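Protein chains in written order, with the numbering used here: chain S, 376 to 704; chain A, 1093 to 1711.
All C-beta atoms in this analysis are idealised placements derived from N, C-alpha and C, irrespective of residue type, glycine included.
Since we're looking at a predicted model, the values are computed, not measured.
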Amino acid sequence: MNALTFKDFATDQEVRWCPGCGDYSILKGVQRALADGGSDPANTVFVSGIGCSSRLPYYVNTYGFHTIHGRAPAFASGIKLANPELEVWVVTGDGDGLSIGANHLLHTLRRNIDLNVLLFNNEIYGLTKGQYSPTSRPGTKSPTSPTGSIETALEPGKFAIGAGATFFARCVDIDQKAMPGLLNEAKAHRGTSFVEILQNCIVYNKDVFDDVAAKKTAPETQVHVEHGKPLVYGKEQDKGLRLNTQTLRLEPVVIGEDGVTLEDIAVHDETNPMMAQLLVDLQGPMAMGVILRKPAQAFEEDYWQLHPKGRRQKVLELIHTGNLLDRRN
Amino acid sequence: MVQESQGKTSHVVRFAGDSGDGIQLQGQQFTVASAMAGHDLATLPDFPAEIRAPAGTRYGVSAFQIQFGGDRITTPGDEPDVLIAFNPAALVVNLAHLAPHSLILVDEAAFTDQRLKRADLTSNPLTDGTLSEHEVVAIDISHLTLEAVKPHGLGTKDAGRCKNFWALGLVLWMFDQPREPTINWIKAKFAANEQVRDANLAALDAGHIYGESTEASHVLKHETMPEAPLDAAEYRTITGAENLALGLVAAGELADTELMFCSYPITPASSLLHNLVNLEEAGVSTFQAEDEIAAVCAAIGASYAGKLGVTSSSGPGVALKTEALGLAVATELPLVVVNSQRAGPSTGMPTKTEQSDLYQAVYGRNGDTPLPVVAARSPADCFDTAIEAVRIALRHMTPVILLTDGYIANASELWPLPDFENYPAIDTNKPDAETDQPVFQRDPATHARLWASPGDDRFIHRVGGIEKDVDTGNISYDADNHQAMTDIRAAKVASVADFIAPQTIDQGVNGGLAIVAWGSTYGTIYRAVKDAINAGLSVAHIHLRHINPLPANLGELLAGFDTVLVPELNTGQLATVLRDRLNVDVVQLNKVSGQPLTVAEVANAIGEHAKPRIQQVGG
């Protein structure tokens, strides 16, 4: 197949998100990832639930299935199981994937069926006009929490690790440099790849991620993790994360201050769920990139090793099985 | 047998004991033996929801009833005339249902003070006159079983477990039925454990020998019944769940399409999943999802990907699947949903039967969301009904609900083996190499769109639950488009009636009283109508497989009768649909006790509404 460009993955449908919505850049990142990764439109399916994020399949020129609220992982599981040759993406949001559909997401992650799940986290319900979501921070004011939400926020990374995920990655909607590559890492993983994308809801939760995502300060507020490399960050790469054995946390330190050297900085091991746990629990900068990647066999690979493929037994024989009474005279 | 039953051509036997006593197994083995003896039969397993209810309690009683013999048998019988009771509770809870002058066989060892108390009895029914109108044979089955299996060295507890086979051996002797099927079953089942195998075989033999040789034989007659007048065919016994599973894979073969069965366990539907797991070599893959919703969604996903998705549940589970059914209607994908109905509402009575999900099937979705509904009438009928459901789903590209119930799922009967080689193939709307049409261009007769699936570069498209453009499948909020799509969805379901055979009368002729029914009441109504016709009453039986849409000629057919009687195990759901769709007056007969309708109940209603057939002049 001759190489497709990201434009080949656009449909003729008018994109209907609010002007300035983070979904636009995610869509672009997805289309670029598909082109870069050599995805075949005929063999690729985007499955979504309900919500702003879930409109995305209509804008990607592959097969697309816009389903019902929260259930996209279940539909996608049926699709992948029925035809393991397909490249299956699930597009969901913090409400769709972690509120109404959290159960399906949990079981999909634990089964490790080979789906690429993109969770657009904007910490708010967008399509229903701005109510607080399960990832909203305590104190979030919204039409249903006018004095501020009092619920503990769900952390997608912790949820995924707790569910037994084998792949968890994170990026910011506007980070077009990192996103296409990261999505192709997700695609290459055998099993459920779970990618949290911090997405800016321009209307109902504007700039909620500014403390992490703002371009100007990003080098100081994001740690881009790489397997086997020390967890350093900062414009001058002079900051790092050191394991505090007292608190059992990774703590930000400055290299060269208080006797801290590069040797003191923790080295990322993406195969270690304990490291992933520390990284999603970070206080200070936020971890980006592939935080967890455990090599594993995908569910459908196990499934089709154990279950017969095709049709080997004839129904006529099955009918004539067991204790038969012949009264044909 | 007792005097009154001499010369009978059929019997109703009820086995009853604790839910851990192996009663169901005993009944199943007796069923196969009856069939091999050439008898017609129908069974009613009747067990509690508790897996191992406290021993000896009334609510923990598990029972298995079978009617068998030399007649055409279509019901498990209204009144048992032989009861085998393993404990006092099993005796007392079944006493009220027995025919007058029944034979009662009890395990004498179980009638201790302690166990009488467990059954809330203050005196021993074996000695207090309670059973005076029946013939009672009290045998120390527990002790005799232990004696019989002693040489095989089992512990007392395991040895005691063999008593169901001891009793089975005796009952097989009483009715002169073959032991070979049970012997073969024991040998196969316990192939890996010779000790248990030999103990069970010894118990079976000992029960049989007891019948031949003891002084009880003056009561326990050795009775041989005539063979049943069956049509020339090969037969086997089959339960509804077994036959539904077989019908589904048969339909897959006829459609040259693999099935994906996605389900979540629920009583009484789980047996279908269990049966299909064993049929995976025949073109079905099974997936146990995390919940009812995921099960239907995965099935729809499979259909989207080109396999036929099938899901199965009972009423509460189907309620959870409802939103997804709307999506399958909106996206015009094939799907089969099996509902093994049970008594509702809510959790209701999971192991008890009812027909109360007809409204749910026909009307129970948001929006104008019609879909076809078919219903199985008996275990034997499940095969063809499953094929019909698949045929409709694939022909019209629509979800189809197949209604069965807990009674059909668990009951067995003789199944005349079908001439499967001559079943017509099932057409699908899959594109072939030459297909050159848009995905959403619809067949004018069936209103089916193309079943185009991912993997084919000619039909890349997006589809979803938001109202879609009638031609492209893209999102459309256009007013005329929504009207057009709504019309297409209605016309599609209505068009099913163009393809189904006209409704026929099962028994009887035009005029007088018509009994119109559906589902598992078939056998009971068949029997009652047969008796009424023989008694000279003007009554006919019309049993529906197609609930939605109704057969096109049904209105005209019913116009030929003075009265239409609709017996149902609900409060009148088919009656409502008939009034709604055909504007016809109907009389209702309703029962919601968790138990099947009895022949006597239907006969009473016939007596109330039917007139004697007018004699022909000179007749």
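Distance, residue 429/S Cα to residue 1138/A Cα: 48 Å
Chain A within 8 Å of residue 450/S, Cβ atoms only: yes
C-beta neighbour in chain B for residue 551/S, strict 8 Å: The structure shown contains no chain B; its protein chains are S and A.
Span separating the alpha-carbon of residue 1196/A from that of residue 1357/A: 37 Å
C-alpha distance - residue 1105/A paired with residue 1687/A, whole-angstrom precision: 17 Å
Sub-8 Å separation of residue 561/S and residue 542/S beta-carbons: yes
CA-to-CA distance, residue 1191/A to residue 1096/A, given in whole angstroms: With a pLDDT of 36 at residue 1096/A, under the threshold of 50, the modelled position of that residue is not reliable, and no figure is offered here.
Assigned exposure category for residue 513/S - 16 Cβ within 10 Å defines buried: exposed
At least 3 beta-carbon pairs within less than 8 Å: the region 1106-1125 of chain A vs the region 1143-1157 of chain A: yes
Per DSSP, cross-strand counterpart(s) of residue 1138/A: 1155/A
N-terminal and C-terminal residue of the beta strand (DSSP E) that residue 1717/A is part of: Residue 1717/A cannot be examined here, being either before or after the span of chain A that is shown, 1093 to 1711.
With 16 other Cβ atoms within 10 Å as the buried cut-off, status of residue 1461/A: buried
Beta-carbon proximity list for residue 1274/A, same chain, < 7 Å, skipping 5 on both sides: 1121, 1125, 1260 and 1296
Spatial neighbours of residue 1474/A in its chain, beta-carbon cut-off 6 Å, leaving aside the 5 residues before and after: 1332, 1335, 1336, 1339 and 1468
4 or more residues per run - each alpha helix (DSSP H) lying fully within the region 1597-1626 of chain A: 1614-1626
Residue 1433/A, enclosing alpha helix (DSSP H) - first and last residue: Segment 1427-1433 is the beta strand (DSSP E) holding residue 1433/A; no alpha helix (DSSP H) there.
Proximity below 8 Å, CB of residue 1690/A to CB of residue 1660/A: no
Bridge partners - residue 1291/A, DSSP secondary structure assignment: For residue 1291/A, which the question treats as bridged, DSSP gives no partner whatsoever.
Rounded separation between residue 651/S and residue 645/S - CA only: 7 Å
Range covered by the alpha helix (DSSP H) that runs through residue 1694/A: 1691-1701
Residue nearest to residue 1669/A in terms of C-alpha spacing, selected from 1608/A, 1701/A, 1622/A and 1590/A: 1608/A
Closest by C-alpha distance to residue 1321/A, when choosing among 1140/A, 1506/A and 1199/A: 1506/A
Candidates 1653/A, 1583/A, 1578/A and 1642/A, of which the one nearest residue 1603/A by Cα: 1653/A
Check whether residue 1489/A and residue 1426/A have beta carbons under 8 Å apart: yes
Cβ-based neighbour list, residue 502/S, same chain, cut-off 6 Å, excluding 5 preceding and 5 following: 426 and 427
DSSP-derived helix/strand/coil call for residue 1300/A: helix
Through-space distance from residue 1510/A to residue 689/S, alpha-carbon basis: 14 Å
Any non-hydrogen atom of the ligand MN within 7 Å of residue 568/S CB: The ligand content of the structure shown is nil, which means the ligand MN is not present either.
Buried versus exposed call for residue 1409/A [16 or more other C-beta atoms within 10 Å across all chains shown]: buried
Chain A contact residues for residue 690/S, given Cβ-Cβ distances below 8 Å: 1338, 1341, 1342, 1345, 1374 and 1512
According to DSSP, residues forming a beta bridge with residue 663/S: 599/S
DSSP-derived helix/strand/coil call for residue 1184/A: helix
Among 1346/A, 1385/A, 1557/A and 1134/A, the one whose alpha carbon lies nearest that of residue 1423/A: 1557/A
Within-8 Å CB hit, residue 670/S to chain A: no
Reduced DSSP category for residue 1219/A - H, G, I as helix; E, B as strand; rest coil: coil
Sequence-distant residues of its chain with Cβ nearer than 6 Å to residue 1706/A (five each side left out): none
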